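Residue numbers (our numbering), protein chains in the order written: chain A, 221 to 299; chain B, 221 to 299; chain C, 221 to 299; chain D, 221 to 299; chain E, 221 to 299; chain F, 221 to 299.
Beta carbons are placed, not taken as given, at the ideal position from N, Cα and C, and that holds for glycine.
Values in this document were obtained by computation on a predicted structure and should not be read as measured data.
Read the structure below first, then the notes.
6 protein chains.
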Amino acid sequence: MSEPIQLIPNNSLLTASPEEGRQLAVKMARLIIKATQPDVAVREKLRPVYAESPEMLIAIGQVVATEFATIAAANNYWR
Amino acid sequence: MSEPIQLIPNNSLLTASPEEGRQLAVKMARLIIKATQPDVAVREKLRPVYAESPEMLIAIGQVVATEFATIAAANNYWR
Amino acid sequence: MSEPIQLIPNNSLLTASPEEGRQLAVKMARLIIKATQPDVAVREKLRPVYAESPEMLIAIGQVVATEFATIAAANNYWR
Amino acid sequence: MSEPIQLIPNNSLLTASPEEGRQLAVKMARLIIKATQPDVAVREKLRPVYAESPEMLIAIGQVVATEFATIAAANNYWR
Amino acid sequence: MSEPIQLIPNNSLLTASPEEGRQLAVKMARLIIKATQPDVAVREKLRPVYAESPEMLIAIGQVVATEFATIAAANNYWR
Amino acid sequence: MSEPIQLIPNNSLLTASPEEGRQLAVKMARLIIKATQPDVAVREKLRPVYAESPEMLIAIGQVVATEFATIAAANNYWR
Numbered sequence: 221m222s223e224p225i226q227l228i229p230n231n232s233l234l235t236a237s238p239e240e241g242r243q244l245a246v247k248m249a250r251l252i253i254k255a256t257q258p259d260v261a262v263r264e265k266l267r268p269v270y271a272e273s274p275e276m277l278i279a280i281g282q283v284v285a286t287e288f289a290t291i292a293a294a295n296n297y298w299r
Numbered sequence: 221m222s223e224p225i226q227l228i229p230n231n232s233l234l235t236a237s238p239e240e241g242r243q244l245a246v247k248m249a250r251l252i253i254k255a256t257q258p259d260v261a262v263r264e265k266l267r268p269v270y271a272e273s274p275e276m277l278i279a280i281g282q283v284v285a286t287e288f289a290t291i292a293a294a295n296n297y298w299r
Numbered sequence: 221m222s223e224p225i226q227l228i229p230n231n232s233l234l235t236a237s238p239e240e241g242r243q244l245a246v247k248m249a250r251l252i253i254k255a256t257q258p259d260v261a262v263r264e265k266l267r268p269v270y271a272e273s274p275e276m277l278i279a280i281g282q283v284v285a286t287e288f289a290t291i292a293a294a295n296n297y298w299r
Numbered sequence: 221m222s223e224p225i226q227l228i229p230n231n232s233l234l235t236a237s238p239e240e241g242r243q244l245a246v247k248m249a250r251l252i253i254k255a256t257q258p259d260v261a262v263r264e265k266l267r268p269v270y271a272e273s274p275e276m277l278i279a280i281g282q283v284v285a286t287e288f289a290t291i292a293a294a295n296n297y298w299r
Numbered sequence: 221m222s223e224p225i226q227l228i229p230n231n232s233l234l235t236a237s238p239e240e241g242r243q244l245a246v247k248m249a250r251l252i253i254k255a256t257q258p259d260v261a262v263r264e265k266l267r268p269v270y271a272e273s274p275e276m277l278i279a280i281g282q283v284v285a286t287e288f289a290t291i292a293a294a295n296n297y298w299r
Numbered sequence: 221m222s223e224p225i226q227l228i229p230n231n232s233l234l235t236a237s238p239e240e241g242r243q244l245a246v247k248m249a250r251l252i253i254k255a256t257q258p259d260v261a262v263r264e265k266l267r268p269v270y271a272e273s274p275e276m277l278i279a280i281g282q283v284v285a286t287e288f289a290t291i292a293a294a295n296n297y298w299r
């Protein structure tokens with residue numbers, strides 16, 4: 221039904237900057253949703269639901285924060 | 221009713237790459253659900269429910285993010 | 221009403237393997253529920269409710285992931 | 221309306237064993253609820269609500285797991 | 221509408237004791253709510269809602285546990 | 221539809237003080253919501269919904285606490 225999805229772009233947690241690390245966190249969060257629901261038509265139908273729901277927007281923020289914690293640690297916080 | 225389920229494939233948190241670590245996080249999350257609900261028929265019935273629910277897809281993302289944090293630390297972030 | 225419940229089997233976070241650590245995480249999560257709701261009849265009544273609810277199965281996965289993070293750190297990730 | 225509540229029994233995170241650390245996690249979680257809702261009559265009324273709700277029992281497990289992570293780290297995992 | 225809110229009392233995570241660290245966690249959690257909803261009349265209206273809701277009391281406990289984890293680490297667990 | 225959003229102001233997790241770190245946590249949490257829902261009109265419509273919902277205010281507190289944990293670690297807790 222769907223080809224295997226790459227879950228981590230470039231297969232690395234290391235990024236050049238916090239900004240890129242944050243973008244990676246967002247992508248990693250989205251790719252889990254994509255892997256769990258591989259049907260693009262369904263995902264497109266769900267998008268306006270969560271994008272107009274404050275609870276869901278907050279919950280997305282929670283997932284991204286959790287992914288970012290890992291990425292930031294991997295990068296020694298870009299210190 | 222159900223044979224014991226192996227909760228961690230290969231009984232190790234160590235993986236060759238971030239991508240494989242991410243796949244392990246997904247599997248570990250699924251295996252807890254399998255252990256809690258060992259009846260495959262029930263799980264199959266629940267699948268379309270969560271796969272079409274944006275809240276639940278986000279919540280699955282949260283679990284995977286948490287499992288991955290542990291796996292990434294175990295692997296010293298594949299640095 | 222209920223005798224004191226041991227919250228951590230063997231009173232140790234150290235396990236021989238990741239698999240045993242994962243089993244400990246599941247047990248520790250269950251024992252908190254048992255301590256909060258010591259009436260076995262009530263717990264038995266609740267079991268099919270959460271075992272057929274995808275939200276609750278996911279939430280159980282979140283708790284186990286959090287317990288496991290601690291156990292894995294305690295065991296230096298079984299490296 | 222209510223006298224100040226001690227939020228951490230013995231004012232220490234250090235315990236003699238994992239089991240005592242787990243008990244401390246449970247107490248710390250409860251004391252936050254007590255501080256937020258100091259009226260014992262209200263708390264007594266809420267008890268059967270959460271004790272018969274699988275969602276809430278799971279959510280309590282999540283809080284305890286989070287408190288315990290901190291206590292376990294404080295005690296170097298009782299290694 | 222509202223003057224800037226100080227989000228961290230004394231602008232420090234360091235406290236003399238676990239008890240004071242816990243109190244700081246509670247304050248930091250409340251100050252985020254205050255910053256997000258600066259209207260005191262609205263906050264007063266919401267107080268009895270969450271203080272009589274077991275779900276919300278538990279969720280508050282989760283936030284405090286998370287803030288406390290950071291404060292405890294900052295203070296090297298008051299070891 | 222929307223220009224790329226900078227997800228981390230100044231592209232750094234390092235701040236001069238805990239207070240500034242906390243402000244950064246709030247901003248980073250908001251910027252994820254902004255990136256997920258780039259339409260300012262929709263966001264403005266959602267604001268009163270979450271600002272008058274105790275559940276959502278608490279959930280926002282949870283996200284900020286998680287972001288702050290990362291920022292605080294990045295700054296060695298401003299010790």
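Local Cβ density within 10 Å of residue i, reported as buried at 16 or more and exposed below that
i, result
"residue 224(B)", "exposed"
"residue 264(C)", "exposed"
"residue 221(A)", "Bear in mind that a pLDDT of 48 at residue 221(A), under 50, signals an unreliable position, so the number given afterwards is only what the model happens to contain. So residue 221(A) counts as exposed."
"residue 242(C)", "buried"
"residue 260(D)", "exposed"
"residue 282(B)", "buried"
"residue 296(E)", "exposed"
"residue 226(C)", "exposed"
"residue 299(F)", "exposed"
"residue 288(B)", "buried"
Cross-chain neighbours of residue i in chain D, by beta carbon under 7 Å
i, result
"residue 237(E)", "231"
"residue 287(C)", "285"
Nearest-angstrom beta carbon gap, residue j and residue i [assumed within contact, 8 Å]
i, j, result
"residue 286(C)", "residue 285(D)", "4 Å"
"residue 256(E)", "residue 271(F)", "6 Å"
"residue 278(E)", "residue 245(D)", "So it is not a contact: roughly 14 Å between Cβ atoms."
"residue 276(C)", "residue 258(D)", "Not quite, the Cβ-Cβ distance comes to about 30 Å (not below 8 Å), so this is no contact."
Chain-ordered chain E contacts of residue i [CB-CB under 7 Å]
i, result
"residue 242(F)", "227, 228"
Chain-ordered chain C contacts of residue i [CB-CB under 8 Å]
i, result
"residue 257(D)", "None at all; the shortest Cβ gap to chain C is about 17 Å."
Neighbouring residues, chain A, relative to residue i (Cβ below 7 Å)
i, result
"residue 261(F)", "What residue 261(F) touches in chain A: nothing, since even the nearest Cβ is about 11 Å away."
Partner residues on chain A for residue i, Cβ-Cβ distance less than 9 Å
i, result
"residue 264(B)", "Residues of chain A passing the Cβ test: none, with the nearest at roughly 15 Å."
"residue 277(B)", "252, 253, 256, 257, 263, 266, 270"
Chain D contact residues for residue i, given Cβ-Cβ distances below 8 Å
i, result
"residue 269(C)", "274"
Chain-ordered chain C contacts of residue i [CB-CB under 7 Å]
i, result
"residue 324(D)", "Here chain D comprises residues numbered 221 to 299, so residue 324(D) is not present and cannot be evaluated."
(request) For the stretch 261-277 of chain E and the stretch 253-270 of chain F, state whether three or more C-beta atom pairs, one from each stretch, are separated by less than 8 Å. (result) No, the stretch 261-277 of chain E does not touch the stretch 253-270 of chain F.
(request) Flag this pair as touching only if the stretch 228-243 of chain D and the stretch 225-244 of chain C have three or more C-beta atom pairs under 8 Å; answer yes or no. (result) Three or more Cβ pairs drawn from the stretch 228-243 of chain D and the stretch 225-244 of chain C lie within less than 8 Å of each other, which places the two stretches in contact.
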